[in-house]
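This report concerns only the one structure given below.
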Amino acid sequence: MLLEVERKFCPVARALIACNAGSPPFRQFCPRPQRIFRDIYYDQDDVLRQAGIWVRMRGEQWEAKIKVGGDYKHSQFQEVKGISAVSAAMSKHLQDSRYQGAMRYQDLSPPLNTYNINPVAEYATIRDSWTVDDKYTIVIDTTDFGHTVGEVELEHNYPDLFQEDEKHVLLKQMDENIASFMRHYAWAFPAGECKGKLTAFFEWKMRRVRGIKRG
Numbered sequence: 001m002l003l004e005v006e007r008k009f010c011p012v013a014r015a016l017i018a019c020n021a022g023s024p025p026f027r028q029f030c031p032r033p034q035r036i037f038r039d040i041y042y043d044q045d046d047v048l049r050q051a052g053i054w055v056r057m058r059g060e061q062w063e064a065k066i067k068v069g070g071d072y073k074h075s076q077f078q079e080v081k082g083i084s085a086v087s088a089a090m091s092k093h094l095q096d097s098r099y100q101g102a103m104r105y106q107d108l109s110p111p112l113n114t115y116n117i118n119p120v121a122e123y124a125t126i127r128d129s130w131t132v133d134d135k136y137t138i139v140i141d142t143t144d145f146g147h148t149v150g151e152v153e154l155e156h157n158y159p160d161l162f163q164e165d166e167k168h169v170l171l172k173q174m175d176e177n178i179a180s181f182m183r184h185y186a187w188a189f190p191a192g193e194c195k196g197k198l199t200a201f202f203e204w205k206m207r208r209v210r211g212i213k214r215g
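Position 162 (the sequence shown) corresponds to 162 in full-length UniProt numbering; numbering is contiguous.
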């Protein structure tokens, strides 16, 4: 399975990052091809989110991010991909029969269509990203509803046989490594409030609803 630790940041130094023009410069710097993708997130009565699970279809790929630590800004996830793995993650957390059985959303692929989940968010993202100092990934995402956020990510493939305590030790070390990396290159990651894409999407959606009601 894949473990992912990420820390969000305000990408005000985007131009400096793109040119590796800060001081000190990144030791190793490799731009990645720009990506454009569409995410559709699914839930039912907020049950998945409250369980710390985010289920989405990114392009044609089903994915689930399962929170295992951290908070909204400094996050630790276990990530699974593919219909079978996503369905297994949902089955583990959706034991209540209210959320199983009826096929509420006809376009879901089996076996996901056995759950009462519906689309709750959909947006497109332009992603610029760089591999830095061999193992860190810096991403800057710009959505089609006007929100921009940066993330520093660190991933690690770990054996399924890992014990829970071993996994949490590894996650703690990964988070400490990211924190140290961001301190070393503080010019790229200035302090400031930032929001994840989903949080920003729901706030944007609420503003639109209020605007329509006032109109």
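From the three backbone atoms N, C-alpha and C, an ideal C-beta is built for every residue, glycine too.
Small disclaimer: the values here were computed from a predicted structure and weren't measured.
Exercise. I think R38 touches A124, with their Cβ atoms under 8 Å apart; what is that distance to the nearest whole Å?
Worked result: In the sequence shown, the residue the question calls residue 38 occupies position 38. In the sequence shown, the residue the question calls residue 124 occupies position 124. R38 to A124, Cβ: 5 Å. Contact.
Exercise. According to DSSP, is E164 helix, strand or coil?
Worked result: What you label residue 164 is simply residue 164 of the sequence shown in a count that begins at 1. Reduced to three states, the DSSP call for E164 is helix.
Exercise. Is the number of C-beta pairs between the stretch 176-185 and the stretch 196-214 that are closer than 8 Å three or more?
Worked result: Contact between the stretch 176-185 and the stretch 196-214 is absent, because fewer than three Cβ pairs lie under 8 Å.
Exercise. Near R208, what residues of its chain come up, given a Cβ to Cβ distance below 7 Å and the 5 sequence neighbours on each side ignored?
Worked result: To locate residue 208, count along the sequence shown from 1; it is residue 208. Here the set comprises nothing.
Problem set entry | Rounded separation between V149 and R14 - CA only | On the sequence shown, residue 149 is found 149 positions in, with the first residue counted as 1. On the sequence shown, residue 14 is found 14 positions in, with the first residue counted as 1. Cα to Cα, the separation comes out at about 10 Å.
For this session: Just grab the DSSP bridge partners of residue 224 for me.
Result: For residue 224 there is no data in the structure shown, the boundaries of the chain being 1 and 215.
For this session: Could you pull the start and end residues of the beta strand (DSSP E) that C30 belongs to?
Result: Locating residue 30 in the sequence shown gives position 30, counting from the first residue. Per DSSP, the unbroken beta strand (DSSP E) holding C30 starts and ends at F29 to P31.
Problem set entry | DSSP three-state assignment for residue 227, whether helix, strand or coil | This structure leaves residue 227 out entirely; the chain is present only between 1 and 215.
Exercise. Is DSSP giving A13 helix, strand or coil here?
Worked result: Residue numbering aside, residue 13 sits at position 13 when the sequence shown is read from its first letter. Correct three-state label for A13: coil.
Exercise. Going by beta carbon distance, what residues of the same chain come within less than 7 Å of A89, once the five residues before and after it are set aside?
Worked result: For the purposes of this step, residue 89 is identified with residue 89 of the sequence shown, where counting begins at 1. Excluding positions up to five away in sequence, the list reads I53, A64, I66 and V80.
For this session: Express the C-alpha separation of H184 and A191 in angstroms, rounding to a whole number.
Result: Here residue 191 corresponds to residue number 191 of the sequence shown, with the count starting at 1. Here residue 184 corresponds to residue number 184 of the sequence shown, with the count starting at 1. Going by the C-alpha atoms only, they are around 13 Å apart.
For this session: Whole angstroms is fine: what's the gap from K197's alpha carbon to S75's?
Result: Position 197 of the sequence shown, counted from the start, is the residue given in the question as residue 197. Position 75 of the sequence shown, counted from the start, is the residue given in the question as residue 75. Approximately 14 Å, taken between the alpha carbons.
Exercise. Do L2 and Q78 have their C-beta atoms closer together than 9 Å?
Worked result: Within the sequence shown, the letter at position 2 stands for residue 2. Within the sequence shown, the letter at position 78 stands for residue 78. Contact flag set, yes.
Exercise. For R7, does the count of other Cβ atoms within 10 angstroms reach 16, so buried, or fall short, so exposed?
Worked result: Within the sequence shown, residue 7 is the residue found at index 7, counting from 1. The residue is buried, with at least 16 neighbouring Cβ atoms inside 10 Å.
For this session: May I ask you to verify whether the stretch 25-35 touches the stretch 128-135, counting CB pairs closer than 8 Å and requiring at least 3?
Result: yes
Exercise. Excluding the five sequence neighbours on either side, which residues of its own chain have a C-beta within less than 6 Å of the C-beta of V139, listed in chain order?
Worked result: Here residue 139 refers to the residue found at position 139 when the sequence shown is read from its first residue. If we look at V139 and ignore the five residues flanking it on each side, its Cβ neighbours are R127, S129 and E151.
For this session: Give me whichever residues DSSP pairs with F77 in a beta bridge.
Result: Here residue 77 refers to the residue found at position 77 when the sequence shown is read from its first residue. BP columns for F77 point to E4 and K67.
Problem set entry | Proximal residues to G22 (C-beta, below 8 Å), its chain only, five neighbours per side dropped | Position 22 of the sequence shown, counting from 1, holds the residue named residue 22. These residues qualify, in order along the chain: A13, L16, Y185, W187 and A188.
Exercise. Any idea what DSSP makes of E153, helix, strand or coil?
Worked result: Locating residue 153 in the sequence shown gives position 153, counting from the first residue. Strand at E153.
For this session: Compute every distance between the C-beta of P190 and the non-hydrogen atoms of the ligand MG, then say whether any falls below 8 Å.
Result: Judged by which ligands are present, the structure shown has none, so any question about the ligand MG falls away.
For this session: Using the Cα positions of L170 and V68, report the straight-line distance between them to the nearest angstrom.
Result: Here residue 170 is taken as the residue at index 170 of the sequence shown, counted from 1. Here residue 68 is taken as the residue at index 68 of the sequence shown, counted from 1. Within the model, the alpha-carbon separation for L170 versus V68 is close to 12 Å.
For this session: Measure the beta-carbon distance from C10 to C194 and round it to whole angstroms, keeping in mind my assumption that it falls under 8 Å.
Result: As a working mapping, residue 10 is identified with position 10 in the sequence shown. As a working mapping, residue 194 is identified with position 194 in the sequence shown. Correct: roughly 5 Å between the Cβ atoms.
Exercise. In the structure shown, what three-state DSSP assignment does F181 receive?
Worked result: By 1-based counting over the sequence shown, the position of residue 181 is 181. Three-state DSSP puts F181 in a helix.
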